[in-house]
Amino acid sequence: MNAPRRFVDLHTHSTASDGADTPAEVVRLADRLRLAAVALTDHDTTAGLAEARAAARDLPALRFVAGVEVSAAFSPGTLHVLGLGIDESSAELQDMAARFRAARQERNPKIIARLQALGVPVDMDDVLAAAGGGGDRPGRIISRVHVAEAIVRAGFAADRKDAFTRYVGAGAAAYVPKERMEAGEIIAAIHAAAGAAVMAHPTQLQLDGLTELERLTRRLMDVGLDGIEVYHGDHTNEQTRQYLDLACRLGLLITGGSDYHGAGKPDVSLGRPVVPASVLREPWASCWL
Ligand code: AMP
Ligand code: MN
Ligand code: MN
Ligand code: MN
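Residue numbers for the sequence shown follow the working numbering, so the first one is 1 and each next one is one higher.
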């Protein structure tokens, strides 16, 4: 009955950002799937952590890891930094979250104005309605995902993906770039909150080969990077092996997770790909569990 739990998921989203499940639902689903640990890593906000932690208190076989995912300034692709094992009461971390919240409060009306200029009848109330469940959770973020959902509901796109392609995706007509901080600043804020700073889904960096990835990783280690997300649904088996090798050679922590978003990303399932619970037994992990 009570076989040891073998897998963890250290990358998930809830209604505090662009996930479809509430923080408590994510935690309870992780327990039903018999995961040994789950981290909630909402974009730019810690607003869901208290609820998730409270839900985890009733689930003694599941460890809860407080996390966050922050987008750093980078090209050509996407550089996301996960903070794992954070103390969300940290002033530095909350300053960073407040900065991103303020930036989104300027950005969202600009996106909506562009949509309206294109003849798409979507306003802020529609976007908040599309954000649904977590709409009244203080500190939750409103992102392009919610704008995309509002566009779908208005009948101007077939689904969210189509709404990104037609309107709000990078390079599309209603696209407005997001405020981003330098990776080093983000890592410093995560460290101030006693967390481990991890490079998320390296494949999304869109770098030209492993040499470039190693160069970037070393540069980020110079500003404090602690780990690399080796296991992620976007990685091929070959990439997973390459990132594992890189982490081992450079002495980086190894993490992994599903990047679960609930029904909004139906192809992604909590707990997939499997991530061995042994990542939590690395000596460093005891610092942030
Ligand atoms: P934002 O932080 O407001 O720029 O929104 C970014 C979020 O939009 C990401 O975290 C993804 O969840 C989602 N996203 C980005 N591109 C797409 C796409 N092409 N289709 C669906 N969702 C997307
Ligand atoms: Mn997302
Ligand atoms: Mn990401
Ligand atoms: Mn994510």
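Note that the Cβ used here is the ideal one computed from N, Cα and C, for glycine as well.
Check	Outcome
Taking the beta strand (DSSP E) that residue 315 falls in, what are its first and last residues?	It is not possible to answer for residue 315, since the shown part of the chain is limited to 1 through 289.
List in chain order the residues whose CB is within less than 6 Å of at least one heavy atom of ligand 3.	69, 80, 200, 201
Just how far apart, CA to CA, sit residue 33 and residue 193?	29 Å
Following a CB-centred definition, is residue 291 positioned closer than 7 Å to any heavy atom of ligand 4?	Nothing can be reported for residue 291: it is not among the residues displayed for the chain, which extend from 1 to 289.
When the Cα of residue 255 is compared with those of 233, 269, 264, 268, which residue comes out closest?	233
I need the boundaries of the beta strand (DSSP E) containing residue 231, first residue and last residue.	227-232
Is residue 11 near ligand 6, judged by its Cβ being under 7 Å from some heavy atom?	Only ligand 1, ligand 2, ligand 3 and ligand 4 can be found as ligands here, which leaves ligand 6 out of the picture.
Would you mind working out which of 41, 75, 139, 23 sits nearest residue 56, comparing C-alpha positions?	23
Going by CA-CA distance only, name the one from 111, 282, 164, 201 that's closest to residue 240.	201
Going by the CB atoms, is the gap between residue 251 and residue 86 shorter than 8 Å?	no
One question on the structure: do residue 226 and residue 198 come within less than 8 Å of each other, judged by their Cβ atoms?	yes
Is any non-hydrogen atom of ligand 4 found closer than 7 Å to the C-beta of residue 222, if you look at the structure I gave you?	no
Expressed to the nearest angstrom, what Euclidean distance is found between the alpha-carbon atoms of residue 128 and residue 107?	14 Å
If you draw a straight line from the alpha carbon of residue 101 to that of residue 235, how long is it in whole angstroms?	30 Å
Measure the CB-CB distance between residue 41 and residue 12 and report whether it falls below 8 Å.	yes
Pairing CB atoms from the segment 80-98 with CB atoms from the segment 44-54, are three or more of them under 8 Å?	yes
For residue 209, which three-state DSSP category applies?	coil
How many angstroms separate the CA atom of residue 223 from the CA atom of residue 8?	27 Å
Hey, could you find the ends of the beta strand (DSSP E) residue 92 is sitting in?	Not the beta strand (DSSP E): residue 92 falls in the alpha helix (DSSP H), residues 91-117.
Measuring only from the beta carbon, is residue 110 closer than 7 Å to any heavy atom that is part of ligand 1?	no
Whole-angstrom Cβ separation of residue 122 and residue 154, contact assumed at under 8 Å?	5 Å
My output table needs one value for residue 69: the three-state DSSP class, helix, strand or coil.	strand
Between 228, 262, 264, which has its C-alpha nearest residue 248's C-alpha?	228
Can you tell me which residues form a DSSP beta bridge with residue 76?	BP columns for residue 76 are empty, so no partner.
Look up residue 289 in the DSSP assignment and say whether it is helix, strand or coil.	Confidence at residue 289 is low in this model, with a pLDDT of 49, below 50, so its placement is unreliable and no value can be given for it.
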